[in-house]
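Here the protein sequences line up with chains A and B, keeping their order.
Per the numbering used here, residue 1 is the first one in the first sequence, and the count goes up by one each step.
Per the numbering used here, residue 1 is the first one in the second sequence, and the count goes up by one each step.
We put the beta carbon where it would ideally sit given N, CA and C, even for glycine.
The structure presented is a predicted model; accordingly, all values stated were derived computationally and were not measured.
Accompanying notes for the structure given below.
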Amino acid sequence: MRMRAFVMAVAAAVLVAACGSSGGTTASPGGSTAANPCAKSNLTLVTPGQLTIGTDNPAFDPFFQGPTGHEWTGEFNHDPYNDQGFEDATAYAVAQQLGFSKDQVNWVAVSFNNSYKPGPKNFDFYLAQVSYTPARAKGADLSDSYYDEQEAVVALQGTDIANATSVAALKPFTYGAQIGTTSYDLTKSVIQPDSAVQTFNTLNAALQALKNKQIDGLVVDFPTAYYMANVQLSNGTIVGVLPSSAGKEHFSMVLEKGSALTACVNGALSALRADGTLAQIQERWLTQAANAPALQ
Amino acid sequence: MATALVSTVVVFAALGVLVVTSPGWDAFKAEFLDGGLFRSSFPDIARAFALNIKIFCISEVMILILALGIAVIRSLPGPVFFPLRVLAIIYTDVFRGLPTIMVVYMLAFGIPALLLSDANWYRSATLWAIVALTLVYSAYVAEVYRAGIQSVHPSQDAAARSLGLSRWQSLRHVILPQAVRRVIPPLLNDFIGLQKDTALVAVVGPVEAFRQAQIGEAANFNFTPYLDASLLFLLLTIPLARLTDYLIERDRRRFLAGGGA
């Protein structure tokens with residue numbers, strides 16, 4: 001709980017800093033000429049006039065960080081209607097860039113696997129730490145990056161693996177990862193552990209296996225690793241950040257294959273990157289990223 | 001014969017046309033029937049299937065033993081054994097009633113969470129998942145055994161006892177051989193279910209065939225790898241199903257021939 005308070009304090013400090021510097025950033029609406037395909041009136045949407053955004057349920061800190069009492073369901077599942085948390089804030093920034101006000105944004109809970117299922121979608125775009133891979137891009141439209149991803153290894157303090165300082169030293173341990181994630185692929189290809197990588201349906205299940213010492217290390221994307229090591233585990237530590245495959249790993253928003261909205265979302269992301277909004281959101285919600293050792 | 005042939009052809013052709021001409025057929029084909037992905041996924045999934053077979057074989061042996069014990073306890077006559085019978089009844093009620101996935105979670109995450117030992121076997125999710133499957137399936141199989149025991153006419157026991165056999169000897173040499181033979185078909189039925197439920201161990205970490213297929217699905221945004229896993233399960237369960245049918249048929253012929261059990 002002390003760590004929780006600490007994280008809150010850090011977040012609050014960053015919040016003040018971010019507010020101080022964000023005064024000059026005003027997002028321009030998506031354009032007013034009829035010729036602009038990304039003008040709000042020209043977009044083909046699930047609900048006309050409303051932007052419907054999907055994410056997973058439960059949605060996790062630090063990606064969604066609602067006040068308690070407004071959860072969807074479940075312990076770490078937060079109300080997305082408040083632009084608190086990294087992905088929540090990013091989603092609202094994109095919505096604003098496309099010309100939608102806050103009350104024109106709707107949220108739907110969609111499980112990861114259903115986000116790319118064939119057939120019509122019930123969201124305009126979807127974001128839940130979906131990593132871009134070429135194979136995934138065949139089945140659905142994946143937007144440009146809104147976060148360049150790093151994977152980190154979480155372990156318990158005082159265990160052998162916690163002392164590892166290189167990728168080679170990670171080889172003899174047992175790892176777990178969430179099913180269907182690039183964390184799993186990266187564990188196999190980068191660490192190349194001696195024993196088979198265990199997979200779990202949810203991060204909570206993987207965390208339980210780590211607490212039980214059924215796995216030595218848990219590989220997750222960095223923000224999640226930070227939250228696990230400092231908030232969810234009382235004796236957790238980040239062993240280090242894995243080298244990514246030439247910086248190509250990044251989070252993408254998922255859209256229906258061939259959606260006309262994809263270009264507009266990419267345009268919005270590019271504008272948000274250019275004016276520094278994305279960097280500010282990342283700094284505010286994921287600023288702790290600087291503190292983890294990089295493994296070579 | 002000709003009628004059966006014609007109606008079969010007509011029904012299947014109609015179904016085939018309905019599927020192939022559906023508006024989503026091309027998307028369905030790409031998402032579920034990708035031949036290249038089917039072939040490239042197969043070796044990994046087949047390797048993972050070895051774990052299913054291992055779990056199945058170990059738990060099946062343990063189930064046969066544990067379930068027989070429970071069935072015998074439940075069939076013990078007389079007021080002296082009442083407490084044991086109650087325990088056996090509670091056992092079957094509880095483990096038949098609990099969802100198998102719950103028992104797997106409870107044992108494979110719960111017992112290592114007690115941190116009683118640092119030994120590798122103690123922390124093995126596979127081991128506790130096997131124990132969970134054994135506990136659940138023993139409850140079903142015990143009932144199958146009990147039905148077999150009750151199907152043996154009480155006069156058999158009376159005759160054996162009058163010949164001087166003890167209660168245990170009568171059970172061992174007269175009742176059980178007949179009882180077990182009669183319930184082999186339903187026993188195999190439960191084991192076909194068990195083969196498929198080996199996929200449940202995946203929820204606590206180990207990568208078995210279905211989970212390996214899920215990994216392939218998530219990596220490719222394509223559901224074809226599940227076909228690989230399904231095929232492997234079929235290759236295992238269909239021979240067992242045919243064997244069950246054969247044994248039922250043989251039993252029926254013997255019965256009709258008046259040979260008894």
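For residue i, three-class secondary structure by DSSP
| i | result |
| --- | --- |
| glutamate 151 of chain A | strand |
| valine 108 of chain A | strand |
| glycine 16 of chain B | helix |
| tyrosine 269 of chain B | In the structure displayed, chain B extends from 1 to 261; residue 269 of chain B sits before or after that span and is not available. |
| threonine 8 of chain B | helix |
| glycine 240 of chain A | strand |
| valine 207 of chain B | coil |
| aspartate 118 of chain B | coil |
| threonine 224 of chain A | helix |
| serine 124 of chain B | coil |
| threonine 277 of chain A | helix |
| threonine 21 of chain B | coil |
| histidine 153 of chain B | coil |
| serine 101 of chain A | coil |
| threonine 25 of chain A | Caution is warranted here: a pLDDT of 39 is assigned to threonine 25 of chain A, below 50, making its placement in the model unreliable, and no coordinate value can be reported. |
| glycine 78 of chain B | coil |
| glycine 30 of chain A | Here glycine 30 of chain A scores only 45 on pLDDT, less than 50, and its place in the model should not be relied on; the value that follows carries that caveat. Coil. |
| lysine 213 of chain A | coil |
| aspartate 34 of chain B | coil |
| lysine 196 of chain B | helix |
| valine 104 of chain B | helix |
| aspartate 245 of chain B | helix |
| valine 86 of chain B | helix |
| glutamine 303 of chain A | Nothing in the structure corresponds to residue 303 of chain A, since chain A is present only between 1 and 296. |
| threonine 224 of chain B | coil |
| glycine 167 of chain A | Per the sequence presented here, residue 167 of chain A reads as valine, with glycine not at that position. Correct three-state label for valine 167 of chain A: coil. |
| glycine 267 of chain A | helix |
| glutamine 84 of chain A | coil |
| proline 186 of chain B | helix |
| threonine 159 of chain A | coil |
| leucine 256 of chain B | helix |
| alanine 39 of chain A | coil |
| serine 195 of chain A | coil |
Residues of its chain near residue i, where Cβ-Cβ distance is below 8 Å and the 5 sequence neighbours each way are ignored
| i | result |
| --- | --- |
| isoleucine 111 of chain B | Tyr122 and Trp128 |
| valine 46 of chain A | Thr52, Lys121, Asn122, Phe123 and Asp124 |
| leucine 37 of chain B | Gly216, Asn220, Asn222, Thr224 and Pro225 |
Own chain, CB closer than 6 Å to residue i, minus 5 neighbours either side, in chain order
| i | result |
| --- | --- |
| aspartate 44 of chain B | Gln212 |
| phenylalanine 221 of chain B | none |
| threonine 244 of chain B | Pro185 and Leu188 |
| leucine 286 of chain A | Phe86 and Pro223 |
Residues bridged to residue i (per DSSP)
| i | result |
| --- | --- |
| leucine 142 of chain A | A:Val254 |
| glutamate 259 of chain A | Here residue 259 of chain A is serine; the residue named in the question, glutamate, does not match the sequence. DSSP, once it has assigned bridges, lists no residue as partnering serine 259 of chain A. |
| glutamine 178 of chain A | A:Phe200 |
| isoleucine 53 of chain A | A:Trp107 and A:Phe125 |
| leucine 218 of chain A | A:Val154 and A:Gly176 |
| serine 131 of chain A | A:Phe251 |
| threonine 47 of chain A | A:Gln50 |
Sequence-distant residues of its chain with Cβ nearer than 7 Å to residue i (five each side left out)
| i | result |
| --- | --- |
| threonine 133 of chain A | Thr182 |
| aspartate 185 of chain A | none |
| alanine 164 of chain A | Leu170 and Val239 |
| alanine 46 of chain B | Leu232 |
| glycine 301 of chain A | No answer is possible for residue 301 of chain A: the residues shown for chain A start at 1 and end at 296. |
Interface partners of residue i on chain D, CB under 8 Å
| i | result |
| --- | --- |
| tyrosine 116 of chain A | Protein chains A and B are contained in the structure displayed, whereas chain D is not. |
Exercise for review: May I ask you to list, following chain order, the residues of the segment 193 to 215 of chain A that have a beta carbon less than 9 Å from some beta carbon of chain B?
Suggested key: For the segment 193 to 215 of chain A, which is checked against every Cβ of chain B, the residues closer than 9 Å are Ala196, Val197, Gln198, Thr199, Phe200, Asn201, Ala205, Ala206, Gln208, Ala209, Lys211, Asn212, Lys213, Gln214 and Ile215.
Check your understanding: With contact counted as at least three CB pairs below 8 Å, one residue from each stretch, are the segment 189 to 205 of chain A and the segment 168 to 180 of chain A in contact?
Key -> The segment 189 to 205 of chain A makes contact with the segment 168 to 180 of chain A: 3 or more CB pairs, one atom from each, lie closer than 8 Å.
Review point. Would you call the segment 59 to 75 of chain B and the segment 240 to 259 of chain B in contact, with 3 or more CB pairs under 8 Å?
Key: The segment 59 to 75 of chain B is not in contact with the segment 240 to 259 of chain B.
Exercise for review: Select from the segment 185 to 206 of chain B all residues with a C-beta closer than 8 Å to any C-beta belonging to chain A, and list them in chain order.
Suggested key: Hits within the stretch, in order: Ala202, Val203, Val204, Gly205 and Pro206.
**Study point:** Validate contact between the segment 176 to 195 of chain B and the segment 99 to 118 of chain A using beta carbons, cut 8 Å, 3 pairs
**Key:** Result no; under three Cβ-Cβ pairs closer than 8 Å.
Practice item. Report yes or no: do three or more beta-carbon pairs, one from the segment 184 to 194 of chain A and one from the segment 203 to 213 of chain A, lie closer than 8 Å? Key: Taking one beta carbon from each stretch, the segment 184 to 194 of chain A and the segment 203 to 213 of chain A have fewer than 3 pairs nearer than 8 Å; the two do not touch.
Review point. Is there contact between the segment 141 to 149 of chain B and the segment 231 to 239 of chain A, where contact requires at least three CB pairs shorter than 8 Å?
Key: With the rule of 3 Cβ pairs closer than 8 Å, the segment 141 to 149 of chain B does not count as touching the segment 231 to 239 of chain A.
Exercise for review: Give, in chain order, every residue of the segment 259 to 275 of chain A whose Cβ lies closer than 9 Å to some Cβ of chain B.
Suggested key: Cβ contacts with chain B come from no residue of the segment 259 to 275 of chain A.
**Study point:** chain B contacts made by the segment 171 to 184 of chain A, where a contact means CB separation under 8 Å
**Key:** Under the 8 Å Cβ criterion, the segment 171 to 184 of chain A contributes Gly176, Ile179, Gly180, Thr181 and Tyr184.
Exercise for review: Compile a chain-ordered list of the residues in the segment 118 to 142 of chain A whose CB is closer than 9 Å to at least one CB of chain B.
Suggested key: Within the segment 118 to 142 of chain A, the residues whose Cβ lies closer than 9 Å to some Cβ of chain B are Pro118, Gly119, Thr133, Ala135, Arg136, Ala137, Lys138, Gly139 and Ala140, listed in chain order.
Review point. If you pair each beta-carbon of the segment 201 to 219 of chain B with each one of the segment 152 to 172 of chain B, do three or more pairs fall below 8 Å?
Key: Judged by Cβ distances under 8 Å, the segment 201 to 219 of chain B makes no contact with the segment 152 to 172 of chain B, as fewer than three pairs qualify.
Practice item. With 8 Å as the C-beta to C-beta threshold (strictly closer), list the residues of the segment 216 to 229 of chain B near chain A in chain order. Key: Result list: Glu217, Ala218, Ala219, Asn220, Phe221 and Asn222.
Review point. With contact counted as at least three CB pairs below 8 Å, one residue from each stretch, are the segment 162 to 178 of chain B and the segment 190 to 202 of chain B in contact?
Key: Here the segment 162 to 178 of chain B makes no contact with the segment 190 to 202 of chain B; the two share fewer than three CB pairs at distances below 8 Å.
Check your understanding: What residues in the segment 11 to 24 of chain B have a beta carbon less than 8 Å from any beta carbon of chain A?
Key -> Residues of the segment 11 to 24 of chain B whose Cβ lies closer than 8 Å to any Cβ of chain A, in chain order: Gly24.
**Study point:** Members of the segment 103 to 129 of chain B that neighbour chain A once the beta carbon cut-off is set at 7 Å
**Key:** Residues passing the 7 Å Cβ filter: Phe109, Pro112, Ala113, Arg123 and Ala125.
Check your understanding: Does the segment 141 to 150 of chain A come within contact of the segment 254 to 265 of chain A, defined as at least 3 CB pairs closer than 8 Å?
Key -> Counting Cβ pairs under 8 Å, three or more are found: they touch.
Exercise for review: Spell out a yes or no on whether the segment 135 to 144 of chain B and the segment 57 to 64 of chain B are touching, meaning 3 or more CB-CB pairs, one atom from each, closer than 8 Å.
Suggested key: The segment 135 to 144 of chain B, when compared against the segment 57 to 64 of chain B, does touch it at the 8 Å Cβ threshold.
Exercise for review: Residues of the segment 154 to 180 of chain B with a CB closer than 9 Å to any CB of chain A: list them in chain order, please.
Suggested key: Within the segment 154 to 180 of chain B, no residue qualifies.
Review point. In chain order, what residues of the segment 31 to 44 of chain B put their CB closer than 9 Å to some CB of chain A?
Key: Flagged, chain order: Glu31 and Phe32.
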